[in-house]
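A.B. asks:
There are 4 protein chains.
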Amino acid sequence: MSEVGFVTMGKTSGGEEVKSIGVGMLGYAFMGKAHSNAYKTLAYMTWPPPLMPQLVAIAGRNEEAVAEAARRYGFAEYKTDWKALVADDRVELFDNAGPNNLHAEPTIAAAEAGKHVICEKPLGRDADESYETWQRVQAAGVKHMCAFNYRFVPAVRLAHQIISSGELGDIQHFRGAYLQEWGTTEGDIWRFQKDLAGSGSLGDLGAHVIDLARYLVGEIDEVGAMTQTFIPGRDVDDAVESVVRFGNGAVGTIEASRFCPGRKNAFTWEINGSKGSLAFDLERLNELQYSEGNEGFRTVLVSEADHPFWEHWWPQGHMIGWEHSFVHELHHLLTAIRDDSDVAPHGATFEDGYRAAEICDAMLRSAEQGGRESVTYR
Amino acid sequence: MSEVGFVTMGKTSGGEEVKSIGVGMLGYAFMGKAHSNAYKTLAYMTWPPPLMPQLVAIAGRNEEAVAEAARRYGFAEYKTDWKALVADDRVELFDNAGPNNLHAEPTIAAAEAGKHVICEKPLGRDADESYETWQRVQAAGVKHMCAFNYRFVPAVRLAHQIISSGELGDIQHFRGAYLQEWGTTEGDIWRFQKDLAGSGSLGDLGAHVIDLARYLVGEIDEVGAMTQTFIPGRDVDDAVESVVRFGNGAVGTIEASRFCPGRKNAFTWEINGSKGSLAFDLERLNELQYSEGNEGFRTVLVSEADHPFWEHWWPQGHMIGWEHSFVHELHHLLTAIRDDSDVAPHGATFEDGYRAAEICDAMLRSAEQGGRESVTYR
Amino acid sequence: MSEVGFVTMGKTSGGEEVKSIGVGMLGYAFMGKAHSNAYKTLAYMTWPPPLMPQLVAIAGRNEEAVAEAARRYGFAEYKTDWKALVADDRVELFDNAGPNNLHAEPTIAAAEAGKHVICEKPLGRDADESYETWQRVQAAGVKHMCAFNYRFVPAVRLAHQIISSGELGDIQHFRGAYLQEWGTTEGDIWRFQKDLAGSGSLGDLGAHVIDLARYLVGEIDEVGAMTQTFIPGRDVDDAVESVVRFGNGAVGTIEASRFCPGRKNAFTWEINGSKGSLAFDLERLNELQYSEGNEGFRTVLVSEADHPFWEHWWPQGHMIGWEHSFVHELHHLLTAIRDDSDVAPHGATFEDGYRAAEICDAMLRSAEQGGRESVTYR
Amino acid sequence: MSEVGFVTMGKTSGGEEVKSIGVGMLGYAFMGKAHSNAYKTLAYMTWPPPLMPQLVAIAGRNEEAVAEAARRYGFAEYKTDWKALVADDRVELFDNAGPNNLHAEPTIAAAEAGKHVICEKPLGRDADESYETWQRVQAAGVKHMCAFNYRFVPAVRLAHQIISSGELGDIQHFRGAYLQEWGTTEGDIWRFQKDLAGSGSLGDLGAHVIDLARYLVGEIDEVGAMTQTFIPGRDVDDAVESVVRFGNGAVGTIEASRFCPGRKNAFTWEINGSKGSLAFDLERLNELQYSEGNEGFRTVLVSEADHPFWEHWWPQGHMIGWEHSFVHELHHLLTAIRDDSDVAPHGATFEDGYRAAEICDAMLRSAEQGGRESVTYR
């Protein structure tokens with residue numbers, strides 16, 4: 000395990016020392032921007048930060064672009080080869096924000112070089128790749144996190160608290176869908192190519208639904224799925240539909256599609272328990288719908304002083320955005336690194352990443368073969 | 000086929016004659032109340048009515064209760080045996096609002112006695128019973144309608160118009176769920192007993208979803224389902240979850256459950272086409288959500304003078320209720336009887352009732368056997 | 000006071016006798032249709048009805064139209080002169096659904112002929128006319144109701160119960176607006192003419208807001224208003240805006256306009272108390288928004304067995320419509336007539352109609368003269 | 000006017016030079032945190048930034064707290080006397096995030112020392128103070144901005160675009176309310192003290208409503224207001240209610256209160272024009288409700304690539320938060336400084352701050368004296 004550098008950042012009013020941690024990042028596009036913003040923001044908004052991120056270097060293949068990203072986000076250096084990141088002793092945390100086909104190898108290499116790792120979801124392009132990644136990183140003894148960031152939306156964490164407290168009783172239903180509308184976009188997009196992405200809407204969107212289903216409800220035992228590809232010639236799923244059965248007896252549906260006009264980023268889920276229900280829509284991410292007993296749904300504006308993560312932010316009703324989930328996620332990871340504490344259960348580990356991949360694979364098998372598939376883990 | 004009585008009801012301002020039709024009803028509970036109200040209301044709100052209902056007699060086994068119902072709703076007589084209704088020549092339309100186990104035999108008998116028939120959904124307790132009912136009634140040459148009343152909600156008919164016009168482009172998704180919360184109710188309820196009801200949430204709620212899926216999107220080719228019974232000892236499904244594939248390539252989910260606290264009568268569906276989307280929630284039945292292209296969802300308050308069925312009602316924005324769907328439905332049936340026109344496509348025929356039953360059976364087979372099931376018709 | 004005819008309608012299962020009451024109606028347009036429907040519906044849906052309405056006669060000036068209305072709604076006769084209604088001994092309840100300029104004289108005449116009276120709102124075209132109507136009808140000793148039907152929406156009655164119980168604490172705010180969009184309609188419409196209507200949006204829409212403010216919060220002491228007429232040449236207000244102070248210290252706003260595109264029938268109000276808040280929108284009339292303490296707003300779907308008026312209708316979640324408010328209103332009036340009980344506090348009396356008119360007049364004076372106006376009653 | 004320092008921050012890929020600007024801040028509480036976050040965020044999210052903020056120093060009276068704030072937000076130094084900021088040549092932009100009683104003197108001094116200034120709203124505690132501040136700062140020839148940040152919410156800017164384009168036709172109504180619930184909070188809070196705050200809910204919340212009314216609709220000519228103080232002994236308004244008339248003939252209401260349980264940060268407004276309507280709720284700040292003609296309200300999720308400010312952020316549907324309004328606001332100010340362009344019309348200048356104060360004063364006079372008040376400017 001890598002040693003955390005003891006660069007004292009000065010003391011806070013409480014007298015606490017803040018140590019630093021060197022971050023090396025792979026990728027500078029959508030996810031690179033989101034992670035970079037999160038490191039920079041947590042440094043002063045979650046105060047004192049568990050560790051103070053030092054942005055050591057960012058890697059990418061297009062030199063002009065990666066150089067610009069380094070300037071923009073304040074990385075001290077840029078690299079055109081991720082191996083240079085792995086070889087850099089100043090990098091203590093390797094942040095893989097690259098495309099799916101660049102998840103496994105660099106992440107494993109970084110971990111085996113003693114760096115903590117965070118990798119964007121899906122962990123691998125299939126269960127095999129995900130399993131291999133998990134096993135080798137686990138063996139390296141470093142902290143690992145699969146970036147299922149929606150666990151770190153305040154309303155989702157509040158839902159977890161409500162469910163864990165038993166207020167919903169026995170969970171009987173989960174229905175989750177992640178719907179977007181851009182599936183007809185043309186051009187050379189890696190997310191539409193099986194060799195690069197592994198799957199289509201399933202790994203991109205469905206994996207998020209699967210992860211929250213596992214986080215909020217529990218393990219999924221069985222799935223029965225269909226997929227559909229609307230664009231001729233595309234070799235990944237444009238949509239996936241599945242029924243699911245959980246170990247605790249709950250049943251429900253999981254769906255992902257990029258062919259839903261008007262749905263910009265509609266990750267919705269509803270959970271029904273024997274004593275109440277919860278519902279959520281990512282397009283209104285500051286709100287949790289809560290029906291206690293049969294009382295009807297109350298809109299909880301998740302922004303009170305005692306709501307999850309809210310101590311970092313603003314007075315009630317001053318809403319936060321999608322990007323803030325990454326601030327909370329990386330804050331959680333840095334805390335785990337600082338304290339040598341577990342990333343789980345609130346953070347997704349590589350084991351969670353692997354388990355989501357097994358479920359994705361089971362859905363694809365079911366879609367192909369026509370039967371329900373049991374989910375089993377290695 | 001029964002002859003429509005030529006009892007002139009006076010002329011309207013347009014000089015039109017309104018003939019009467021004798022109605023005999025079986026059942027006086029929830030559905031009996033809804034149908035009775037509809038006959039009485041359409042007589043003056045849909046003006047002039049296609050035929051003027053004459054409430055000849057109502058049948059039920061509990062004499063005190065059925066006598067009270069006759070007084071309440073204005074039936075001229077009551078009967079404690081439905082066979083007396085069938086034998087009554089004044090009855091030209093037999094309205095079966097009884098429990099599922101009383102659908103087939105009385106309905107067939109009435110049709111074979113030359114009466115037009117409307118039967119509550121599900122048509123039969125399974126596909127066999129439904130098929131038999133359809134075949135024999137069809138052979139009798141009378142008008143037949145399966146009371147899938149939600150086809151007659153103005154927002155649903157407007158959705159049908161929008162889809163038929165091509166404004167949504169190719170339909171790619173249907174996701175429908177009918178969720179209620181009363182599944183834990185105790186007592187001797189026929190809806191929880193397989194011999195009386197045929198199935199649980201599937202026939203009661205899921206059949207409505209299936210019918211609207213067929214009405215709005217088209218035939219369903221394949222299903223993959225799970226069921227769950229939460230209450231020990233109950234022999235019907237408390238919940239059903241299914242993936243579905245339509246003949247036109249659309250895919251989606253269908254779900255029904257009575258175990259969703261806070262969901263009072265939440266029949267929701269969303270349809271995504273290549274050019275736009277529609278969404279509906281029965282708890283806000285006057286509203287249709289419509290995203291044209293990618294523009295975001297507009298709340299259409301379905302109450303304009305040129306909206307479906309609205310010529311019978313009020314100025315815009317003066318909302319109607321759930322019961323009004325029955326007024327529209329029976330108005331449609333009486334029109335078909337008067338004009339000897341087709342009940343389909345807007346009204347559900349017994350063939351539609353049978354087809355919904357085949358899909359229900361396919362879901363139950365899939366749930367039991369684990370594989371996806373093709374839907375085939377006899 | 001008129002005697003209620005003792006025509007027994009048969010006994011209900013409970014053995015209760017239902018007596019009849021002869022109804023004479025003035026007007027067959029929008030409100031005549033709504034009231035007629037209500038009499039016909041309450042006769043069997045509120046079972047047993049307090050009194051069984053006998054539709055004796057309907058009056059209107061256009062013979063062809065009123066004859067058609069009589070046929071349509073089942074009035075035994077029609078009259079082209081309202082005086083014939085007043086002179087008809089079979090008429091025990093005079094229902095004035097005519098335009099504003101026909102409120103005072105026929106209503107007073109009917110009352111002085113010993114008939115109970117219900118009159119559409121606003122009671123008169125101004126406070127003077129309203130006061131005269133109230134005084135003379137009151138002196139006649141009959142039951143009188145001003146048809147502020149929104150008091151009889153289940154969500155409004157539930158709000159009244161919540162406020163009366165003290166659950167909201169001290170009421171500190173009321174903000175109500177009644178917004179529609181049809182103000183640009185052209186043609187010879189009596190609602191746009193001062194001599195016929197008295198005022199514009201104020202008497203038509205604002206009077207409803209004022210009445211609910213009084214019903215839910217209490218008497219209004221002071222107003223400060225502005226009016227605006229957008230259509231050149233029109234002699235009534237197209238919009239009115241007012242601040243209001245209540246006797247209990249609450250402050251707020253009242254607004255009415257017919258110039259709000261997209262607002263079909265948007266009568267919205269919000270009440271804030273020291274312990275909670277309520278909010279309502281007529282376009283979603285089955286819902287009451289309720290924030291207990293600071294907990295956020297819960298959507299109460301007002302359709303439970305123990306919710307106001309719901310014993311007459313359907314299982315929960317099976318929504319009712321705008322027209323049902325009239326069923327409840329007339330049921331309340333018939334009960335008061337049968338039992339010789341008070342129309343107030345849940346029903347609006349002519350005193351309430353007069354008081355609303357004083358507030359309207361105070362708003363118009365304030366708008367004209369520029370100062371706030373105290374509301375005083377004679 | 001201060002010279003912008005020519006510290007080149009490196010070139011972007013486009014080859015542009017980014018110069019720096021020294022920022023001195025007064026105040027480190029709620030607004031200090033929001034402004035600091037905005038400077039830090041715009042430095043990389045709005046790329047390249049118009050000027051690169053150099054956080055020179057932050058001033059406050061509590062040394063321990065201000066020292067901690069400097070460490071937290073990365074100010075190079077802290078000061079316990081704001082005069083030291085004014086005297087610091089490195090400070091080119093003076094950001095006044097202090098309480099209302101510290102707005103005028105430090106801001107004027109900074110401007111007269113040649114620094115650009117941004118001051119939190121309300122500009123002064125009354126119109127006199129605001130006018131004096133505006134006049135002296137204007138005379139100093141520096142850029143000045145009054146921090147009415149809600150102009151910089153994407154949905155608000157989009158509304159401005161829609162209105163400016165004429166799509167709404169003539170504006171006929173504005174109704175705005177800013178409602179919160181914390182008015183019963185106890186303790187020594189400067190916002191509840193007249194000498195420190197100037198007014199209560201009016202200056203704190205109502206000023207925001209007034210500013211957006213002016214920005215979106217135009218100048219307000221006349222007001223008629225009431226105020227109410229619910230807490231005994233408090234010398235500021237707990238709530239203000241006002242009718243307003245605009246120069247263009249539109250009429251409406253403006254309201255502010257901190258006594259609305261369940262309303263966390265509910266700044267809502269609706270604008271009706273002759274051709275359409277817009278509506279907004281700050282608790283759902285990413286959404287704009289738009290009714291084109293009479294079509295019903297469409298929820299525009301303001302997050303498309305071509306929506307205002309969105310080029311800085313994320314793919315569509317990935318929502319931003321309240322804090323982002325400050326990023327856009329300061330980006331706008333830095334652009335005006337860099338280009339020597341006007342802060343108006345999209346940014347509020349000190350003249351806008353003064354005009355809002357005149358309207359607030361007119362409301363207070365109206366409330367006290369009982370008559371409507373014309374709004375006149377010096």
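Residue numbers (numbering that gives the first Met the number 0), protein chains in the order written: chain A, 0 to 377; chain B, 0 to 377; chain C, 0 to 377; chain D, 0 to 377.
Glycine included, each C-beta is placed from N, C-alpha and C at the ideal position.
These numbers were taken from a predicted model, which means no experiment stands behind them.
(1) Starting from G18 of chain C, follow its DSSP beta bridges and name the residues at the other end.
(2) Could you name the residues of chain C that V242 of chain D contacts, counting a contact when the two beta carbons are closer than 7 Å?
(3) Does the stretch 53–60 of chain B come close enough to the stretch 118–132 of chain B that 3 or more CB-CB pairs lie under 8 Å?
(4) For Q315 of chain D, return the contacting residues in chain A, with the cut-off set at a CB-CB distance below 9 Å.
(5) Go ahead and pull the three-state DSSP assignment for V90 of chain D.
(6) Let me see if you follow: with CB-CB separation under 8 Å, is V6 of chain B close to chain C or not?
(7) Can you pull the chain D residues whose beta carbon is under 9 Å from the beta carbon of V152 of chain B, in chain order?
(8) With a cut-off of 8 Å, do at least 3 Cβ pairs link the stretch 15–23 of chain B to the stretch 37–54 of chain B?
(9) Using only alpha-carbon positions, find the residue among A:G275, A:E221 and A:T45 that is nearest to W168 of chain A.
(10) Mind listing the chain C neighbours of V299 of chain A? Cutoff is C-beta to C-beta under 8 Å, in chain order.
(11) For H115 of chain C, name the three-state secondary structure that DSSP assigns.
(12) Starting from the Cα of E291 of chain C, find the closest Cα among D:S273, D:A68, D:G261 and D:S256 and give me that residue.
(13) What separation, rounded to the nearest whole angstrom, lies between the Cα atoms of K18 of chain A and F296 of chain A?
(14) Going by DSSP, which residues form a beta bridge with W268 of chain A?
(15) For A259 of chain B, decide whether its Cβ has a neighbour in chain A, counting only Cβ atoms nearer than 8 Å.
(16) How would you list, in chain order, the residues of chain B whose beta-carbon sits under 7 Å from the beta-carbon of Q171 of chain A?
(17) If we cut at 8 Å on Cβ distances, does K18 of chain D have a partner in chain C?
(18) Among the residues of its own chain, which have a CB less than 7 Å from the CB of P98 of chain D, if the five just before and after it don't count?
(19) To which residues does DSSP link Y289 of chain C through a beta bridge?
(20) Quick check: what's the CA-CA separation for T348 of chain C versus N148 of chain C?
(21) Does the beta carbon of V250 of chain C come closer than 8 Å to any beta carbon on chain D?
(22) Assuming T252 of chain D contacts V242 of chain D under a Cβ cut-off of 8 Å, what Cβ separation, rounded to an integer in Å, is found between them?
(23) For a test of the three-state rule: what should DSSP assign to Y376 of chain C, helix, strand or coil?
(24) Between G275 of chain B and chain A, is any beta-carbon pair separated by less than 8 Å?
(25) Determine the burial state of W43 of chain D: buried for a count of at least 16 other Cβ atoms within 10 Å of its Cβ, exposed for fewer.
(26) Q227 of chain B by DSSP, collapsed to three states: which one?
(27) Can you find at least 3 beta carbon pairs, one from the stretch 202–222 of chain B and one from the stretch 320–336 of chain B, that sit closer than 8 Å?
(28) Could you check whether the stretch 297–316 of chain D touches the stretch 173–183 of chain D, counting it as contact only if at least three pairs of C-beta atoms, one from each stretch, sit closer than 8 Å?
(29) Hey, is Y72 of chain C's beta-carbon within less than 8 Å of any beta-carbon in chain B?
(30) Along the alpha helix (DSSP H) that carries V65 of chain C, what are the first and last residues, could you check?
(31) Taking 8 Å as the CB-CB cut-off, is Y43 of chain A touching chain D?
(32) Whose C-beta lies closer than 6 Å to the C-beta of E372 of chain B among residues of the same chain, with five residues either side of it excluded?
(33) Is the stretch 149–166 of chain A touching the stretch 278–289 of chain A in the sense that three or more CB pairs, one from each, lie closer than 8 Å?
(34) Does the pairing of the stretch 228–238 of chain B with the stretch 214–228 of chain A give three or more beta-carbon distances under 8 Å?
(35) Let's see if you can read the secondary structure: which residues bound the alpha helix (DSSP H) around T132 of chain D?
C.D. replies: Based on what the coordinates show:
(1) Within the third sequence, residue 18 of chain C is the residue found at index 19, counting from 1. Looking at the sequence shown, residue 18 of chain C is not Gly but Lys. Partner(s): C:L50.
(2) For the purposes of this step, residue 242 of chain D is taken as residue 243 along the fourth sequence, with counting starting at 1. One finds G223, A224, M225, E240, S241 and V242 in chain C with Cβ atoms closer than 7 Å to the Cβ of V242 of chain D, taken in chain order.
(3) With a cut-off of 8 Å, the stretch 53–60 of chain B and the stretch 118–132 of chain B do not count as touching, because too few Cβ pairs lie within range.
(4) As a first step, residue 315 of chain D must be located in the fourth sequence, where it is residue number 316. Contact annotation for Q315 of chain D against chain A: Q179, E180, W181, K263 and N264 [CB-CB distance below 9 Å, chain order].
(5) Position 91 of the fourth sequence, counted from the start, is the residue given in the question as residue 90 of chain D. V90 of chain D falls in the coil class under three-state DSSP.
(6) As a first step, residue 6 of chain B must be located in the second sequence, where it is residue number 7. Bear in mind that the predicted position of V6 of chain B carries a pLDDT of just 41, short of 50, making it too unreliable to give a figure here.
(7) On the second sequence, position 153 is the one that residue 152 of chain B refers to. One finds nothing in chain D with a Cβ atom closer than 9 Å to the Cβ of V152 of chain B; even the nearest lies about 17 Å away.
(8) These segments touch.
(9) As a first step, residue 168 of chain A must be located in the first sequence, where it is residue number 169. The question names Trp, yet the displayed sequence has Gly at residue 168 of chain A. Nearest C-alpha to G168 of chain A: A:G275.
(10) Numbered from 1 along the first sequence, position 300 holds the residue referred to as residue 299 of chain A. Those are E294 and G295, listed as they occur along chain C.
(11) Residue numbering aside, residue 115 of chain C sits at position 116 when the third sequence is read from its first letter. H115 of chain C falls in the strand class under three-state DSSP.
(12) Here residue 291 of chain C refers to the residue found at position 292 when the third sequence is read from its first residue. Out of D:S273, D:A68, D:G261 and D:S256, D:G261 has the C-alpha closest to the C-alpha of E291 of chain C.
(13) On the first sequence, residue 18 of chain A is found 19 positions in, with the first residue counted as 1. On the first sequence, residue 296 of chain A is found 297 positions in, with the first residue counted as 1. Cα to Cα, K18 of chain A sits roughly 44 Å from F296 of chain A.
(14) Here residue 268 of chain A refers to the residue found at position 269 of the first sequence. A:G175 and A:F279.
(15) For the purposes of this step, residue 259 of chain B is taken as the residue at position 260 of the second sequence. Looking at the sequence itself, residue 259 of chain B is Cys, so the reference to Ala does not match. Answer yes: the Cβ-Cβ gap between C259 of chain B and chain A drops below 8 Å somewhere.
(16) Numbered from 1 along the first sequence, position 172 holds the residue referred to as residue 171 of chain A. Against chain B, a Cβ distance below 7 Å from Q171 of chain A picks out F229 and F258.
(17) Walking along the fourth sequence from the start, residue 18 of chain D turns up at place 19. No - not a single Cβ of chain C is within 8 Å of the one on K18 of chain D.
(18) Residue numbering aside, residue 98 of chain D sits at position 99 when the fourth sequence is read from its first letter. The beta carbon of P98 of chain D sits closer than 7 Å to the beta carbons of W189 and L195 from its chain, once the five residues preceding and following it are set aside; these are given in chain order.
(19) For the purposes of this step, residue 289 of chain C is taken as residue 290 along the third sequence, with counting starting at 1. The bridge partners DSSP lists for Y289 of chain C are C:L277 and C:R297.
(20) As a first step, residue 348 of chain C must be located in the third sequence, where it is residue number 349. As a first step, residue 148 of chain C must be located in the third sequence, where it is residue number 149. So the alpha carbons of these two residues sit roughly 12 Å apart.
(21) As a position in the third sequence, residue 250 of chain C is number 251, starting the count at 1. With respect to chain D, the C-beta atom of V250 of chain C has a partner C-beta closer than 8 Å.
(22) For this step, residue 252 of chain D is matched to residue 253 along the fourth sequence. For this step, residue 242 of chain D is matched to residue 243 along the fourth sequence. Right, the Cβ-Cβ distance comes to about 6 Å (below 8 Å), so this counts as a contact.
(23) Locating residue 376 of chain C in the third sequence gives position 377, counting from the first residue. DSSP places Y376 of chain C in coil when its eight states are reduced to three.
(24) On the second sequence, residue 275 of chain B is found 276 positions in, with the first residue counted as 1. For G275 of chain B, the answer is yes, since a Cβ of chain A falls inside 8 Å of its Cβ.
(25) Along the fourth sequence, read from residue 1 onward, the residue named residue 43 of chain D stands at position 44. It is worth fixing the name first, because residue 43 of chain D is Tyr in this sequence and not Trp. Residue environment for Y43 of chain D: buried (at least 16 other C-beta atoms within 10 angstroms of its C-beta).
(26) As a first step, residue 227 of chain B is located in the second sequence; it is residue number 228 there, counting from the start. Three-state result, Q227 of chain B: strand.
(27) They do not touch, by the three-pair rule.
(28) With the cut-off at 8 Å, the stretch 297–316 of chain D and the stretch 173–183 of chain D do not touch.
(29) In the third sequence, the residue the question calls residue 72 of chain C occupies position 73. Against chain B, the CB of Y72 of chain C has a partner CB under 8 Å away; the residue lies at that interface.
(30) Here the question's residue 65 of chain C lines up with position 66 in the third sequence. According to the DSSP assignment, V65 of chain C belongs to the alpha helix (DSSP H) that extends over E62 to Y72.
(31) What you label residue 43 of chain A is simply residue 44 of the first sequence in a count that begins at 1. Yes, Y43 of chain A counts as interfacial toward chain D.
(32) For this step, residue 372 of chain B is matched to residue 373 along the second sequence. Here the set comprises V222, A361, R364 and S365.
(33) Touching, per the Cβ criterion.
(34) Counting Cβ pairs under 8 Å, fewer than three are found: no touch.
(35) Residue mapping note: residue 132 of chain D aligns to position 133 of the fourth sequence, counting from 1. Here the alpha helix (DSSP H) through T132 of chain D covers A126 to A139.
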